[in-house]
Amino acid sequence: MSIFVREKSFYKTFFTLAVIIGLQNIITFGVNLSDNLLIGGYSESALSGVAIANQIQFVLQMLVMGVVEGLVIMASRYWGAKDIKSIKKISSIGMRLSIVVGLIMWAVVFFFPHSCLALFTNNESVISEGAKYVQIICFSYIFFSITSILLATLRSVETVKIGFMLSSTTLIINVCLNYLLIYGHFGFPRLGVQGSAIATLSARIIELIIVCIYMKRFERKIDLQLRDFLKIELGLLKQYVKLGSPILMSNFIWAIAMATQTSILGHMGAAAIAANSIATTIFQIVSVGVFASASATTIVIGKTIGEGHLDKIKSYAKTLQILYLIIGLCTGILLFITKDHVLDFYTISADARSLALQFMTVLSITVCGTAYQMPCLTGIVRSGGDTKFVLYNDTIFMWLIVLPASALCAFVFNLSPLITFFCLKSDQILKCFVAIVKVNRFRWIRPLDTYLPETKKSTMSAN
504 MSIFVREKSF
514 YKTFFTLAVI
524 IGLQNIITFG
534 VNLSDNLLIG
544 GYSESALSGV
554 AIANQIQFVL
564 QMLVMGVVEG
574 LVIMASRYWG
584 AKDIKSIKKI
594 SSIGMRLSIV
604 VGLIMWAVVF
614 FFPHSCLALF
624 TNNESVISEG
634 AKYVQIICFS
644 YIFFSITSIL
654 LATLRSVETV
664 KIGFMLSSTT
674 LIINVCLNYL
684 LIYGHFGFPR
694 LGVQGSAIAT
704 LSARIIELII
714 VCIYMKRFER
724 KIDLQLRDFL
734 KIELGLLKQY
744 VKLGSPILMS
754 NFIWAIAMAT
764 QTSILGHMGA
774 AAIAANSIAT
784 TIFQIVSVGV
794 FASASATTIV
804 IGKTIGEGHL
814 DKIKSYAKTL
824 QILYLIIGLC
834 TGILLFITKD
844 HVLDFYTISA
854 DARSLALQFM
864 TVLSITVCGT
874 AYQMPCLTGI
884 VRSGGDTKFV
894 LYNDTIFMWL
904 IVLPASALCA
914 FVFNLSPLIT
924 FFCLKSDQIL
934 KCFVAIVKVN
944 RFRWIRPLDT
954 YLPETKKSTM
964 SAN
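Sequential numbering from 504 applies to the sequence shown in our numbering.
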């Protein structure tokens with residue numbers, strides 16, 4: 504019996520979603536890369552300052568993505584069941600939660616910029632540059648939060664092309680404004696890191712305007728209107744919290760863990776900060792297929808459960824695992840081959856360049872683990888309905904193993920940044936053993952009505 508699914512529709516749906524979401528992700532990460540490259544050519548302290556500031560934004564992104572993932576899991580199931588009204592109500596819940604997250608993050612960063620940045624490094628020049636950047640960029644948080652929910656709602660009903668087009672527009676605007684405002688070309692003021700922040704803020708505002716116009720004039724599958732965001736159903740809210748709160752908590756814990764990792768490396772010098780920023784940014788660009796495969800899996804599995812085809816889930820999961828391994832191997836080879844060439848675009852010290860090369864070599868190995876365990880756990884297991892497992896798994900690995908061991912490497916044994924970095928990424932391999940067992944026991948499959956209010960269960964049974 505073949506381990507591969509023989510349905511052409513499965514591969515068409517999965518790869519169509521993965522490719523388009525991957526292209527969107529590569530453009531989105533391209534915005535960060537353009538900031539990285541242009542600021543990297545301005546000064547190393549500016550690059551390090553922006554890198555630290557972006558860790559705060561990463562916390563925001565992970566929290567918003569936690570809200571988004573809960574939305575997509577539930578909405579994609581209702582899309583399979585062709586229940587458009589419930590999709591609108593879930594979108595309303597997600598929007599409220601996302602806006603609250605954006606406002607809280609804005610307030611913390613705007614009023615306490617130096618305190619936030621000091622958590623990552625004690626280098627005053629880096630903190631100074633980061634503060635200039637973060638006090639402007641924090642105003643983009645609310646625009647990002649709203650846009651993310653709108654795009655997630657569209658993604659849950661398999662409308663993904665608008666996300667790619669939107670990200671492309673944002674990249675072009677951001678690169679052009681960065682060029683003008685960082686260095687002061689064509690009569691514009693030379694603003695350095697502040698110019699980069701203004702460019703990104705402007706791009707986020709335009710991004711939201713475009714997606715709102717699209718929703719109003721062109722979107723027809725769900726016909727989402729402003730009035731839909733004014734309604735909320737308590738029954739669905741309870742189910743959303745039941746399903747989504749573990750995802751939100753998991754993403755928050757993961758974001759804090761990533762920030763802690765940056766803090767550990769940040770106290771090992773400006774060169775380590777710059778190298779980590781470069782390596783991580785390049786890694787994000789190269790590994791878009793990995794993250795896209797997880798997003799595509801969420802929609803495919805969620806929709807299949809919504810349609811009631813639980814008999815297909817096991818064969819889908821087995822095939823997806825093979826695809827993840829192939830994607831991981833290709834990604835690792837690509838990162839290893841390109842690592843020497845991308846650094847030519849940066850104006851950094853010899854120490855930072857050497858460390859960046861070493862960090863990317865480590866990532867070219869660990870990405871094979873990431874490509875398997877991450878979509879298995881956050882794609883298959885979560886979309887199947889078991890959202891608590893990833894929370895427990897990440898908490899144990901990150902806070903009981905990886906971070907304590909890495910802190911010992913950096914601060915007690917005074918080991919090199921390379922060894923510390925490898926220790927920080929070791930969980931990507933270790934989690935594979937857990938993922939293999941968890942996914943192939945198939946105890947994560949939850950039918951659609953598991954998270955439905957009793958009244959809606961009765962309605963669906965009657966239908």
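Backbone N, C-alpha and C fix where the C-beta goes; we use that ideal spot for every residue, glycine too.
TODO: Assign T958 to one of three DSSP states: helix, strand, or coil.
DONE: Only weak support is given to the placement of T958: the predicted model assigns it a pLDDT of 42, under 50, and the value that follows is read from those uncertain coordinates. DSSP, reduced to helix, strand and coil, places T958 within a helical segment of the structure shown.
Task: Coarse secondary structure for I802, derived from DSSP in three states - done: Residue state, collapsed to three classes: helix.
Open item on the list: Judging by CA-CA distance, which residue of R885, N943, C935, C926 is the nearest neighbour of I995?
Closed with: Outside the shown range of the chain, which is 504 to 966, sits residue 995, and nothing can be said about it.
Task: Inter-residue Cα distance where the pair is V696 and G831 - done: Rounded to whole angstroms, the separation of the alpha carbons of G831 and V696 is 35 Å.
- [ ] Return helix, strand or coil for G888, following the three-state DSSP convention.
- [x] In the three-state DSSP reduction, G888 falls in the strand class (E or B).
- [ ] Using the DSSP secondary-structure output, state which residues sit across from I948 in a beta bridge.
- [x] Paired residues: G888.
Task: CB of L654 within 8 Å of CB of V603, strictly - done: No. Outside cutoff.
Task: DSSP state of C641 mapped onto helix, strand, coil - done: C641 falls in the coil class under three-state DSSP.
Open item on the list: I need the DSSP call for F518, collapsed to helix, strand or coil.
Closed with: The answer is helix: DSSP assigns F518 an H, G or I state.
Task: Given M598 as reference, the closest of T650, F689, V803 once Cα atoms are compared - done: Of the candidates T650, F689, V803, the one whose C-alpha sits nearest the C-alpha of M598 is T650.
TODO: Confirm, please, whether the CB-CB distance from G738 to S579 is below 8 Å.
DONE: Cβ atoms of S579 and G738: not closer than 8 Å.
Task: Alpha carbon of D586 to alpha carbon of N681, nearest angstrom - done: Distance between the alpha carbons of D586 and N681 is about 44 Å.
Open item on the list: Using the Cβ count rule (16 or more neighbours within 10 Å means buried), how would you classify F517?
Closed with: By the beta-carbon neighbour count (other beta carbons within 10 angstroms, threshold 16), F517 is buried.
- [ ] Evaluate L733 with the Cβ neighbour count: other Cβ atoms within 10 Å of its Cβ, from every protein chain shown; 16 or more gives buried, anything less gives exposed.
- [x] Counting of Cβ neighbours within 10 angstroms places L733 among the exposed residues, the total staying below 16.
Open item on the list: Would A853 and A521 be called neighbours here (beta carbons separated by less than 8 Å)?
Closed with: Taking 8 Å as the Cβ cut-off, A853 and A521 do not qualify as a contacting pair.
Task: Residue from C926, I607, I524 with nearest C-alpha to I767 - done: Ranking C926, I607, I524 by CA distance to the CA of I767 puts C926 first.
Open item on the list: Ignoring anything shorter than 4 residues, give me the alpha helix (DSSP H) runs that lie fully in the stretch 676-758, in order along the chain.
Closed with: Runs of the alpha helix (DSSP H) lying entirely within the stretch 676-758 and spanning at least 4 residues, in chain order: 696-720.
Open item on the list: Using 8 Å as the threshold, is the C-beta distance between T822 and I883 below it?
Closed with: Result no, Cβ atoms of T822 and I883 do not sit closer than 8 Å.
Task: C-beta atoms of Y644 and L563 nearer than 8 Å - done: For Y644 and L563, yes; Cβs fall inside 8 Å.
Open item on the list: Can you tell me whether R707 is buried or exposed? The criterion is at least 16 other CB atoms within 10 Å of its CB, across all chains shown.
Closed with: Flag for R707 reads buried.
Open item on the list: Does the distance between the C-beta of V553 and the nearest non-hydrogen atom of the ligand ATP fall short of 7 Å?
Closed with: With respect to the ligand ATP, the structure offers nothing, as it holds no ligand at all.
Open item on the list: Please classify Y827 as buried or exposed, where buried requires at least 16 neighbouring CB atoms within 10 angstroms.
Closed with: By the 10 Å Cβ count, Y827 comes out buried.
- [ ] Report, in whole angstroms, the separation of the C-beta atoms of I868 and G835, which I expect to be a contact under 8 Å.
- [x] At roughly 7 Å, the Cβ-Cβ gap stays under 8 Å, so I868 and G835 are in contact.
Open item on the list: What does the Cβ neighbour count give for T873, buried or exposed, with the cut at 16 atoms within 10 Å?
Closed with: Buried, since its Cβ has 16 or more Cβ neighbours within 10 Å.
TODO: Grab me the residues of F614's own chain with a C-beta within less than 7 Å of its C-beta, minus the 5 sequence neighbours each way, in chain order.
DONE: Once the five neighbours on either side are set aside, F614 has no close Cβ partner at all.
Task: Integer Cβ distance of A859 from A778, believed to fall under 8 Å - done: Taking C-beta atoms under 8 Å as the contact rule, A859 and A778 qualify, at a distance of about 4 Å.
Open item on the list: Are the CB atoms of K724 and T807 within a distance shorter than 8 Å?
Closed with: No.
TODO: Taking M761 as the reference, give the member of Y819, G811, A556 with the closest Cα.
DONE: For M761, the nearest C-alpha among the options comes from A556.
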